[in-house]
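As structure tokens, the structure follows; a few thoughts come after it.
2 protein chains.
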Amino acid sequence: MRIDAVDFFYASMPEITLDADGSQDALLVRVRSGNDEGWGECEASPVTSIAAFVTPRSHGVCRPIADSVLGQRLDSVSDIARITALVRRNSMDLLQAAHTFSGIEIALWDLLGRRFGEPVWRLLGGRRAYPKVPYASMLFGADAQATLEAVREAVAAGFQAVKVGWGSFGQGSVEADAEQLAAAREGLGPDGLLLVDAGQIWVDDVASAAARLPALQQSGATWIEEPFLPLAYRAHAELAAHNSSVGIAGGEGAHSAHMATNLIDYAAVRFVQIDTGRIGGIGPAKAVADYAAARDIAFVNHTFTSQLALSASLQPFAALADHRICEFPFAPSELARAITSDQLEIVDGELQPLDAPGLGLRVDLEAIRPYLHQVEILVDGRPLYADHHLGGTPVGNSEP
Amino acid sequence: MRIDAVDFFYASMPEITLDADGSQDALLVRVRSGNDEGWGECEASPVTSIAAFVTPRSHGVCRPIADSVLGQRLDSVSDIARITALVRRNSMDLLQAAHTFSGIEIALWDLLGRRFGEPVWRLLGGRRAYPKVPYASMLFGADAQATLEAVREAVAAGFQAVKVGWGSFGQGSVEADAEQLAAAREGLGPDGLLLVDAGQIWVDDVASAAARLPALQQSGATWIEEPFLPLAYRAHAELAAHNSSVGIAGGEGAHSAHMATNLIDYAAVRFVQIDTGRIGGIGPAKAVADYAAARDIAFVNHTFTSQLALSASLQPFAALADHRICEFPFAPSELARAITSDQLEIVDGELQPLDAPGLGLRVDLEAIRPYLHQVEILVDGRPLYADHHLGGTPVGNSEP
Chain E
953 MRIDAVDFFY
963 ASMPEITLDA
973 DGSQDALLVR
983 VRSGNDEGWG
993 ECEASPVTSI
1003 AAFVTPRSHG
1013 VCRPIADSVL
1023 GQRLDSVSDI
1033 ARITALVRRN
1043 SMDLLQAAHT
1053 FSGIEIALWD
1063 LLGRRFGEPV
1073 WRLLGGRRAY
1083 PKVPYASMLF
1093 GADAQATLEA
1103 VREAVAAGFQ
1113 AVKVGWGSFG
1123 QGSVEADAEQ
1133 LAAAREGLGP
1143 DGLLLVDAGQ
1153 IWVDDVASAA
1163 ARLPALQQSG
1173 ATWIEEPFLP
1183 LAYRAHAELA
1193 AHNSSVGIAG
1203 GEGAHSAHMA
1213 TNLIDYAAVR
1223 FVQIDTGRIG
1233 GIGPAKAVAD
1243 YAAARDIAFV
1253 NHTFTSQLAL
1263 SASLQPFAAL
1273 ADHRICEFPF
1283 APSELARAIT
1293 SDQLEIVDGE
1303 LQPLDAPGLG
1313 LRVDLEAIRP
1323 YLHQVEILVD
1333 GRPLYADHHL
1343 GGTPVGNSEP
Chain H
953 MRIDAVDFFY
963 ASMPEITLDA
973 DGSQDALLVR
983 VRSGNDEGWG
993 ECEASPVTSI
1003 AAFVTPRSHG
1013 VCRPIADSVL
1023 GQRLDSVSDI
1033 ARITALVRRN
1043 SMDLLQAAHT
1053 FSGIEIALWD
1063 LLGRRFGEPV
1073 WRLLGGRRAY
1083 PKVPYASMLF
1093 GADAQATLEA
1103 VREAVAAGFQ
1113 AVKVGWGSFG
1123 QGSVEADAEQ
1133 LAAAREGLGP
1143 DGLLLVDAGQ
1153 IWVDDVASAA
1163 ARLPALQQSG
1173 ATWIEEPFLP
1183 LAYRAHAELA
1193 AHNSSVGIAG
1203 GEGAHSAHMA
1213 TNLIDYAAVR
1223 FVQIDTGRIG
1233 GIGPAKAVAD
1243 YAAARDIAFV
1253 NHTFTSQLAL
1263 SASLQPFAAL
1273 ADHRICEFPF
1283 APSELARAIT
1293 SDQLEIVDGE
1303 LQPLDAPGLG
1313 LRVDLEAIRP
1323 YLHQVEILVD
1333 GRPLYADHHL
1343 GGTPVGNSEP
């Protein structure tokens, strides 16, 4: 069977704020092959990612993603690795390629899972899927009191683990950060798992990060996430050399498996966090999970968007019993909630990866229709892309 | 003075082949501030890079490049670093950002250089510019004889150094590669500098790369360039551990200064090759040049396109007397030759960085007009971008 069509669905909330809330828009991908279809999601800039699919060729290794996907054979999981290698080679100089291909690759797994009647984690070689401990991911409140209340809400909703991040953390005084951390711990209670996300705020300034270690340690934080730019390995390693009880976490920015395993090898992260919607899909994420597991580094998903993205990001470590922590989008946008008609349920504080074909969820196209946008890209008046699947001009991406 | 306008010019040859010849298209950037203008070039996928400039915001740190550039103050070189930090923060999750911003950042330097009447290398703190030894960069011929003839042409044109790469190198037998290398050395003569570019062909397979080391050494190659994926540091370090006389070169894929300095710290490269049109512009390239110089690693430009790109890529190491090797596009496309009305001249086998305001070259808009394309990007029928500077719809990027 061949890949017959790749269609993108760009949806957004009516207004996009400047909050670091990645669920405000979405780029869904539908792949069709014969009578089967699969869905994926790019955690990426939608219009830029669509452009990378259709952009005119620049030279032999700067080709649009479409060139390496449309018309390709898709009979077994080994075809996914083959197509991945094609994209890597043919789009070597197209920086956005990994973000665009991530959603496609996820959709290929979903499609094959549905065709074969197996969950993706089983296609990846897993025997069973183990429950995870989901943490509620949220932004710091405007002040310590707001953070306290937000964390209490998550606890009331049944979470035993909470991650707070962004907001003004790391930008003001060490004392202000300490107050925020104390409030988060107070809201969580003494036994809950507290995780903290710095959002790259210290760039590569080790001293500013190290100044927060005592407060992080006092609040019993398990990790400090993304203290620095994702490629500033030396800064990470220097912070790790403080031997704090607080581990360094990172990896959401990884757009290749090597970029993530380098964080383990050179940046001393204890937790590697992978978004399948950015790293190039489920295959590279699985490679990172195996690499991490062999080195006693915890693999964690990164997910701040929909349940579809959550299910995709669980697949690479669903079968790893000892890798328990799992990010769960606690308060996603209306749009993100509308994307799938079913949801992963938290039972007794645990999240069980689905044992159903593919990613195990149905995309509800009718529910997201009010949020959809039509994208057109033209060169010399000739449309390279138009969402004819949304009722637009009958030209574009489905015809290679 | 504010940044009033950023305009993109996408030009290409009438036909784009699958050769690894990056000069087949170009994305030029013109920045205007008051009465001044400056020009830069992205070494990147044109339509994708334009999309990253105008794409609708996804969230606080996934914003279009335009948000961090248009309307910004531009009075001194410190403003360039400030704008760079803004882009890095506001477009953290927009993968294509570095490629798009590279051309803009180069144009900002060119603009300030013209405004102040100084070459960019002097704005960077250089006292004088030193001559470089340009190497003719070419693809391997279809067979050894073709390579021999091509190298002879470069020698006849006055080059003392030649780089051959890509083609079928590394994909066939070790013997076939050895023949190609011997032919290149024969064409070059015993004293010329021979450089070899593997174009990432071995991915992360150290054994396949190591199998070519004897032939590389026998042909007296100075470096083997990009044997592996640019983030596969461990493979690089393992190849370097063979202690061959042939050094490892790499870095053209770097889209941040850290990505390049990591090649020095963890991948044991002896030559770090930076394209200012990809790494984020001249500022990050200068940071890499200083880092390399302090560690006795040779800094080399990567340039396979126009003279404008060449002049930009020379600036970061123009003042470093000991860093002598310089890539020179030997046989660029008609389009690439048309971009500037003046050229850098090779005299007695040496190339002197220009001592003229900005990048020292004039873009010839009339000459490239036959190659220009009009790009339009629309969301819900609303144009986000239209090249009104080319005579298109009077809407788009110049009005923030």
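Heads up: the sequence lines are chains E and H, in that order. Numbered per my numbering, the first sequence spans residues 953 to 1352. Numbered per my numbering, the second sequence spans residues 953 to 1352. The beta carbon of each residue, even a glycine, is placed where N, CA and C say it ideally should be. Predicted, not measured: the structure shown is a model, and the values here were computed from it.
In terms of residue numbering, what span does the alpha helix (DSSP H) encompassing residue i cover?
i               : result
residue 1300(H) : Segment: none, residue 1300(H) is in no alpha helix (DSSP H) and carries neither H nor E.
residue 1072(E) : 1072-1075
residue 1081(H) : No alpha helix (DSSP H) holds residue 1081(H); DSSP gives it neither H nor E.
residue 1139(H) : 1126-1140
residue 1334(H) : No alpha helix (DSSP H) contains residue 1334(H), which is instead part of the beta strand (DSSP E) from 1334-1338.
residue 1239(E) : 1234-1246
Roughly how many whole angstroms lie between the Cα atoms of residue i and residue j?
i               : j               : result
residue 1161(H) : residue 980(H)  : 36 Å
residue 1061(E) : residue 1143(H) : 54 Å
residue 1118(H) : residue 1051(H) : 23 Å
residue 1103(E) : residue 1131(E) : 14 Å
residue 1385(H) : residue 1188(H) : Missing from the structure shown is residue 1385(H); chain H here goes from 953 to 1352 and no further.
residue 959(H)  : residue 983(H)  : 7 Å
residue 1026(E) : residue 1033(E) : 11 Å
residue 1038(H) : residue 990(H)  : 20 Å
residue 1364(H) : residue 1078(H) : Nothing can be reported for residue 1364(H), as the shown portion of chain H is limited to 953 through 1352.
residue 1346(H) : residue 1293(E) : Low confidence applies to residue 1346(H): its pLDDT is 33, below 50, so where it sits in the model is not reliable, and the reading given next is rough at best. If I take the Cα positions, the gap works out to 43 Å.
residue 1174(E) : residue 1147(E) : 6 Å
residue 1140(H) : residue 1091(H) : 15 Å
residue 965(H)  : residue 1331(E) : 14 Å
residue 1372(H) : residue 1005(H) : The structure shown does not extend to residue 1372(H), since chain H is modelled only from 953 to 1352, so the question has no answer here.
residue 1072(E) : residue 1031(E) : 15 Å
residue 1291(E) : residue 1259(E) : 8 Å
residue 1236(E) : residue 1181(H) : 14 Å
At 9 Å on the CB atoms, spell out the chain H contacts of residue i, in chain order.
i               : result
residue 1217(E) : 1185, 1186, 1218
residue 1225(E) : Neighbours of residue 1225(E) on chain H: none; closest Cβ ~14 Å, over 9 Å.
Name the chain H residues whose beta carbon is nearer than 8 Å to that of residue i?
i               : result
residue 998(E)  : 1007, 1008, 1010
residue 974(E)  : 1010, 1011, 1014, 1045
residue 1160(E) : Near residue 1160(E) there are no residues of chain H at all, since even the closest Cβ is about 15 Å away, more than 8 Å.
Closer than 7 Å by beta-carbon distance: list the chain E residues that pair up with residue i, in chain order.
i               : result
residue 1203(H) : Under the 7 Å cutoff, chain E gives no residues; its nearest Cβ is about 13 Å from residue 1203(H).
residue 1048(H) : 1000, 1047, 1048
residue 970(H)  : 1012
residue 1003(H) : 999, 1000, 1003
residue 1157(H) : Chain E residues near residue 1157(H): none, gap ~12 Å exceeds 7 Å.
What residues of chain E sit near residue i, judged by a beta carbon separation below 9 Å?
i               : result
residue 1353(H) : Since the first and last residues shown for chain H are 953 and 1352, residue 1353(H) lies out of range.
residue 977(H)  : 1008, 1009, 1010, 1011, 1014
Closest by CA to residue i, which one among the options?
i               : options                            : result
residue 1095(H) : 1129(H), 1109(H), 1259(H), 1111(H) : 1129(H)
residue 1253(E) : 1230(E), 1246(E), 1247(E)          : 1230(E)
residue 1168(H) : 1121(H), 1180(H), 1054(H), 958(H)  : 1121(H)
residue 1202(H) : 1079(H), 1279(H), 1075(H)          : 1279(H)
residue 1057(E) : 1301(E), 1290(E), 1261(E), 1316(E) : 1261(E)
residue 1333(H) : 1041(E), 1294(E), 1327(E)          : 1327(E)
residue 1267(E) : 1299(E), 1315(E), 1303(E)          : 1303(E)
residue 1047(H) : 1107(E), 1337(E), 997(E), 993(E)   : 997(E)
residue 1190(E) : 1307(E), 1164(E), 1156(E), 1206(E) : 1156(E)
residue 1306(E) : 1226(E), 1021(E), 1084(E)          : 1084(E)
residue 1264(E) : 1243(E), 1226(E), 973(E)           : 1226(E)
residue 986(H)  : 961(H), 1043(H), 957(H)            : 957(H)
Could you please give the first and the last residue of the uninterrupted beta strand (DSSP E) stretch that includes residue i?
i               : result
residue 1217(E) : Per DSSP, residue 1217(E) belongs to no beta strand (DSSP E); it is in the alpha helix (DSSP H), 1209-1218.
residue 982(E)  : 977-985
residue 961(H)  : 957-964
residue 918(E)  : Beyond the ends of chain E as shown, which are 953 and 1352, falls residue 918(E); an answer cannot be given.
residue 1225(H) : 1223-1226
Run down chain E in chain order and give the residues with a C-beta less than 8 Å from the C-beta of residue i.
i               : result
residue 1214(H) : 1183, 1185, 1214, 1218
residue 1208(H) : 1181, 1183
Rounded C-beta distance between residue i and residue j? I'm assuming under 8 Å.
i               : j               : result
residue 1214(H) : residue 1183(E) : 6 Å
residue 1171(H) : residue 1134(H) : 6 Å
residue 1054(H) : residue 1301(H) : Between residue 1301(H) and residue 1054(H) the Cβ distance is about 30 Å, and since that is not below 8 Å, they are no contact.
residue 1323(E) : residue 963(E)  : 4 Å
Mind listing the chain H neighbours of residue i? Cutoff is C-beta to C-beta under 7 Å, in chain order.
i               : result
residue 1051(E) : 1047
residue 1211(E) : 1183
Below 7 Å on C-beta distance, what does residue i contact in chain C?
i               : result
residue 1152(H) : As a matter of chain content, chain C is missing from the structure shown, whose protein chains are E and H.
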